[in-house]
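Participant: Numbering (the working numbering), first residue to last: 57 to 744.
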Amino acid sequence: MLPLPPELYDAITILVERPRSFDNRYALRHDGTYDDRSREARKRLSILRLVNRPFCQSASIRLFRCIRATVLGSSVSTDRWPLARLRELCASPSCAPLVRRLEVGYHYFDHPGPDEWVPGSRYQLYAEDAARLLPVCLAALPNLEALDVRGPSFPSLNLGPAGSAGSTAPSISSLVEVPMRMFTDAVVSALRYIPLPRLAELNLRLAVTHEFGAFFPEHTTPCHIPIGDVMRRLRHLEISISDFTESDSRVTVRRDASLSALAGVHPNPRFAALPLSLVELAATSGNLELLSIRGSDMLDLDVLRLGNGVSLRHLVLTRVSASAETMLHILEPSRHTLRGVRLTQVELKAGTWHDVLAALATFPLLCYFNVGSGGYSRSGASRHLAAPLPVTGGGSYIRSVEQADHDALGALQRHAARNRNGAGLLPYQRRDQMENNSSIQREPSLLQLPAELRLAIYYFVFQGSRIEYDPTRRPVFRATRHWTVLATCKQVYDEGRAEYWRETRVYMGPGSGIADLAARLPSFARDGVRHIRRLDASSSRDTPSCPTRLFAGLRTCELLIGPSTRLAFDICEQVDDGGPDSPREKVRSGVLTAGTRRFLERRRLLPLDDGRRGVAFLAQFNTTWEDHRPLFPPDPAYPETLCFVNLSTERFRCLSWRDAEEFKRDYRYRGTEDRIRFEEEQFADLAV
Numbered sequence: 057m058l059p060l061p062p063e064l065y066d067a068i069t070i071l072v073e074r075p076r077s078f079d080n081r082y083a084l085r086h087d088g089t090y091d092d093r094s095r096e097a098r099k100r101l102s103i104l105r106l107v108n109r110p111f112c113q114s115a116s117i118r119l120f121r122c123i124r125a126t127v128l129g130s131s132v133s134t135d136r137w138p139l140a141r142l143r144e145l146c147a148s149p150s151c152a153p154l155v156r157r158l159e160v161g162y163h164y165f166d167h168p169g170p171d172e173w174v175p176g177s178r179y180q181l182y183a184e185d186a187a188r189l190l191p192v193c194l195a196a197l198p199n200l201e202a203l204d205v206r207g208p209s210f211p212s213l214n215l216g217p218a219g220s221a222g223s224t225a226p227s228i229s230s231l232v233e234v235p236m237r238m239f240t241d242a243v244v245s246a247l248r249y250i251p252l253p254r255l256a257e258l259n260l261r262l263a264v265t266h267e268f269g270a271f272f273p274e275h276t277t278p279c280h281i282p283i284g285d286v287m288r289r290l291r292h293l294e295i296s297i298s299d300f301t302e303s304d305s306r307v308t309v310r311r312d313a314s315l316s317a318l319a320g321v322h323p324n325p326r327f328a329a330l331p332l333s334l335v336e337l338a339a340t341s342g343n344l345e346l347l348s349i350r351g352s353d354m355l356d357l358d359v360l361r362l363g364n365g366v367s368l369r370h371l372v373l374t375r376v377s378a379s380a381e382t383m384l385h386i387l388e389p390s391r392h393t394l395r396g397v398r399l400t401q402v403e404l405k406a407g408t409w410h411d412v413l414a415a416l417a418t419f420p421l422l423c424y425f426n427v428g429s430g431g432y433s434r435s436g437a438s439r440h441l442a443a444p445l446p447v448t449g450g451g452s453y454i455r456s457v458e459q460a461d462h463d464a465l466g467a468l469q470r471h472a473a474r475n476r477n478g479a480g481l482l483p484y485q486r487r488d489q490m491e492n493n494s495s496i497q498r499e500p501s502l503l504q505l506p507a508e509l510r511l512a513i514y515y516f517v518f519q520g521s522r523i524e525y526d527p528t529r530r531p532v533f534r535a536t537r538h539w540t541v542l543a544t545c546k547q548v549y550d551e552g553r554a555e556y557w558r559e560t561r562v563y564m565g566p567g568s569g570i571a572d573l574a575a576r577l578p579s580f581a582r583d584g585v586r587h588i589r590r591l592d593a594s595s596s597r598d599t600p601s602c603p604t605r606l607f608a609g610l611r612t613c614e615l616l617i618g619p620s621t622r623l624a625f626d627i628c629e630q631v632d633d634g635g636p637d638s639p640r641e642k643v644r645s646g647v648l649t650a651g652t653r654r655f656l657e658r659r660r661l662l663p664l665d666d667g668r669r670g671v672a673f674l675a676q677f678n679t680t681w682e683d684h685r686p687l688f689p690p691d692p693a694y695p696e697t698l699c700f701v702n703l704s705t706e707r708f709r710c711l712s713w714r715d716a717e718e719f720k721r722d723y724r725y726r727g728t729e730d731r732i733r734f735e736e737e738q739f740a741d742l743a744v
């Protein structure tokens, strides 16, 4: 190959890597130290290094810029031990100087059980290796600019609320405390003894707030590098707490979140000031540009004092609580520098969102603002302004019944959009504007329509709405995003709530009782419920009459025949993108035969006395299930059959497949939304 200028080698390397384009509508900042390359891109760069020396040099710069040495569950084997590969890289005089970002620790979504923390387990061994190798490896990386530390977390041990674990809690907490303390000490020792002159970004995620106290030793020596010196050099700082220690704090998180094994010994609220002390040290120099604070339990920021010397460009707050006055004290010193703000599940204890958002609308350079599930604390002075509906995830909005809050959010979004246009940035897409604030205009156009049209709109908007009720989970109710329309303003809530409950399908979780559901719902919701799904028919002998007695507006009720299972979909995050009609090869319908009636009578489903006319009790059967074969004997030519039955009218509808694999493809493996739509179509035909 003819010799080429280095610029051409670099250009070819970039084309081979095919880096992702940066879209400033969805990210606060673009930083080359982040590793956003796919595995295929890294493989292409590795192959390119073998071509010749110039390509090796050009590809190595991009390949070794970001190094990830985190442990991830059972995928880690001894021949690919992450810290062993890191040690080999640090021993290379040509590769080590190329490293700009290092990620060490435990994968965020990897939550091992207590058996995997015993001595000799891979998680314990990783902590031991980190204690010995992390300082050595950091000392070999002279150009390191960003350090991402991900400490272990223990939310999957299922201890339940504090005090319910009995005598097992101390043993499990002591078991996991050893590797946690070992890993924390490794990070502290590395920052205490290894000078990192180029370090400008630190992302520090630990399990509980108590662990941050290790950065503040009671006694020091001249050999120690003061933690304040490290913090004051930083331009980007992220502080994260991963574990939940308070049972009431898990209302707005994913359904599988459980209390930490350390809940009884190191509660987060008791030591909340420790991580905030690191933030205060970083803010004293005036170098800090990006600050991110992520809590698990709602982290109280009222004790945070940043001072007047801070000049932030970007601010990210997640699962924190504060008064409006504290929020303004955090924001105001950065009035002339702040460009982006992201608030997720931030609760105000006192004051109003209008005060905070109206102040932000006067910041001259603000061109990015996103608020997700913002609201008011249920225990603060402003709790009367909290929206009446529970939060179950997703969306960009403020949970407030105060219209002035939504108006201020709309004004702030328009202010940010004008600044983006003036700075030459990509404009927000229409979807983003709708998510950020449904009342982007000063007078919402929906409220200008006649009341009859608004009610018709509510009917169509709430089509496909679902709620899952499961008393064994937190939160008890999980709803699709249809309900967020009711959080637009108080008028929309008052007008639309009746239509919402009329069109919503209520899905019963395993072991949930119909009487418990009725007791938890307010009277207006209880009277408005028309459709109940997956009610366990074996829960009580009076199941058919109980729903009609408790729910005056009930129209259809699906009885679950067989073992109760949880919904096979995330009810908060599914997107209905349409889909093809479900194919089937044979359709039968008619009146139940005598043999089928005897089968249902043995199951105490017939005769059906629901206590009130007009309610359609429905059931679904699969003849491949052994318990359901007596209902509709399977046809050898069509081994896969789904049967939908109206127990009230004793009519049925069967759909059969000739090939089992086609049945799996057409029904069992279909998307969640398509399957639910298909089932509702069959029930609708039978319920007429």
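Backbone N, C-alpha and C fix where the C-beta goes; we use that ideal spot for every residue, glycine too.
Here's the rule: buried if 16 or more other CB atoms are within 10 angstroms of the residue's CB, otherwise exposed. What is GLN547?
Facilitator: Exposed is the call here.
Participant: State the Cα-Cα distance for the pair SER114 and TYR65, rounded to the nearest angstrom.
Facilitator: Approximately 7 Å between the Cα atoms of the pair.
Participant: Report yes if the C-beta distance between ALA417 and HIS471 is below 8 Å; otherwise report no.
Facilitator: Cβ atoms of ALA417 and HIS471: closer than 8 Å.
Participant: Which term fits ASN108, buried or exposed, when burial requires 16 or more other beta carbons within 10 angstroms of its beta carbon?
Facilitator: ASN108 should be labelled exposed.
Participant: Along the chain, where does the alpha helix (DSSP H) containing ASP572 start, and where does it finish?
Facilitator: From DSSP, the alpha helix (DSSP H) with ASP572 extends over 570–576.
Participant: Compute the Euclidean distance between the alpha carbons of HIS538 and ARG136, then round it to the nearest angstrom.
Facilitator: Roughly 46 Å separates the two Cα atoms.
Participant: Using a Cβ distance threshold of 8 Å, determine whether the stretch 555–575 contacts the stretch 583–590, with at least three qualifying pairs required.
Facilitator: Touching, yes.
Participant: Just to confirm my understanding: we take MET354, look at its own chain, exclude 5 residues before and 5 after, and list those with CB closer than 7 Å. What are they?
Facilitator: If we look at MET354 and ignore the five residues flanking it on each side, its Cβ neighbours are SER305, ARG375, VAL376, SER377, GLU403.
Participant: Output the distance between the C-alpha atoms of LEU104 and PHE120, rounded to the nearest integer angstrom.
Facilitator: Their Cα atoms are separated by approximately 13 Å.
Participant: DSSP state of GLN401, grouped into three classes?
Facilitator: Residue state, collapsed to three classes: strand.
Participant: If you draw a straight line from the alpha carbon of ARG288 to that of ALA256, how long is it in whole angstroms?
Facilitator: Their Cα atoms are separated by approximately 9 Å.
Participant: So, under 8 Å CB-CB, VAL264 and SER316 are touching, yes? Tell me the CB distance rounded to an integer number of Å.
Facilitator: That pair is a contact at about 7 Å.
Participant: Near HIS266, what residues of its chain come up, given a Cβ to Cβ distance below 6 Å and the 5 sequence neighbours on each side ignored?
Facilitator: Only HIS322, PHE327 meet the Cβ criterion.
Participant: Would you mind stating whether SER438 and THR408 have Cβ atoms separated by less than 8 Å?
Facilitator: Yes. Within cutoff.
Participant: Here's the rule I'm using: 16 or more other beta-carbon atoms within 10 Å means buried, otherwise exposed. How should ILE70 be labelled?
Facilitator: Burial call: exposed.
Participant: DSSP on SER704, reduced to helix/strand/coil?
Facilitator: It is coil, neither helix nor strand.
Participant: Could you check which residue in GLY365, ASN364, MET383, SER379 has the C-alpha nearest to that of LEU371?
Facilitator: The candidate whose alpha carbon is nearest that of LEU371 is MET383.
Participant: Is the distance from the Cβ of LEU360 to the Cβ of VAL335 below 8 Å?
Facilitator: Cβ atoms of LEU360 and VAL335: closer than 8 Å.
Participant: On a CA-only basis, which of ARG561, TYR549, GLU551 is nearest GLY520? Give me that one, please.
Facilitator: Selected option, being the one with the closest Cα: ARG561.
Participant: For ARG254, is the classification buried or exposed, using 16 other Cβ atoms within 10 angstroms of its Cβ as the cut-off for buried?
Facilitator: Classification of ARG254: exposed, given that the 10 Å Cβ count is below 16.
Participant: Over the uninterrupted alpha helix (DSSP H) stretch that includes VAL335, give me the two end residues.
Facilitator: Counting along the chain, the alpha helix (DSSP H) containing VAL335 begins and ends at 329–339.
Participant: At least one CB of chain C closer than 8 Å to the CB of LEU503: is that the case?
Facilitator: Judged by its chain identifiers, the structure shown contains no chain C, having just a single protein chain.
Participant: What did DSSP end up calling PHE677 once you bin it into helix, strand or coil?
Facilitator: PHE677 falls in the strand class under three-state DSSP.
Participant: Which residue marks the beginning of the beta strand (DSSP E) containing TYR694, and which one marks its end?
Facilitator: Premise fails: TYR694 is in no beta strand (DSSP E) and is neither H nor E.
Participant: Does the Cβ of ASP461 have 16 or more other Cβ atoms within 10 Å, making it buried, or fewer, making it exposed?
Facilitator: Buried, by the Cβ-count rule.
Participant: Who does SER23 pair with in a DSSP beta bridge?
Facilitator: Shown here, the chain extends from 57 to 744; a query on residue 23 therefore has no answer.
Participant: Quick one: using the 10 Å Cβ neighbour count with 16 as the cut-off for buried, is ASN12 buried or exposed?
Facilitator: Outside the displayed span of the chain (57 to 744) sits residue 12, for which this structure offers no information.
Participant: Leaving out five residues before and five after THR340 in sequence, what residues of the same chain have Cβ atoms less than 7 Å from its Cβ?
Facilitator: Taken in chain order, the residues that qualify are ARG288, GLY363, GLY365.
Participant: Which word fits ASP463, buried or exposed, when buried means at least 16 other C-beta atoms lie within 10 angstroms of its C-beta?
Facilitator: The residue is buried, with at least 16 neighbouring Cβ atoms inside 10 Å.
Participant: By Cβ distance, which residues of its chain are closer than 8 Å to LEU189, with the 5 residues on each side in sequence left out?
Facilitator: These residues qualify, in order along the chain: LEU139, LEU142, ARG143.
Participant: Looking at the structure shown, is ASN493 part of a helix, part of a strand, or coil, going by DSSP?
Facilitator: Note that ASN493 scores 47 on pLDDT, short of 50, meaning its location in the model is unreliable and no value can be drawn from it.
Participant: Looking at GLY161: is its Cβ nearer than 8 Å to the Cβ of ARG206?
Facilitator: Yes; because the gap between Cβ atoms is below 8 Å, this pair is in contact.
Participant: Based on the DSSP output, what are the partners of GLU159 in its beta bridges?
Facilitator: Paired residues: ARG124, ASP204.
Participant: Which residue comes first and which comes last in the alpha helix (DSSP H) that contains ASP592?
Facilitator: No alpha helix (DSSP H) holds ASP592; the beta strand (DSSP E) holding it covers 587–592.
Participant: So the candidates are ALA380, PRO389, SER429; which of them puts its Cα closest to the Cα of THR400?
Facilitator: Measuring from the Cα of THR400, the nearest candidate turns out to be SER429.
Participant: Just to confirm, does LEU104 get its C-beta within under 7 Å of one of the non-hydrogen atoms of the ligand FMN?
Facilitator: Of the ligands one can find in the structure shown there are none, so the ligand FMN has no counterpart to examine.
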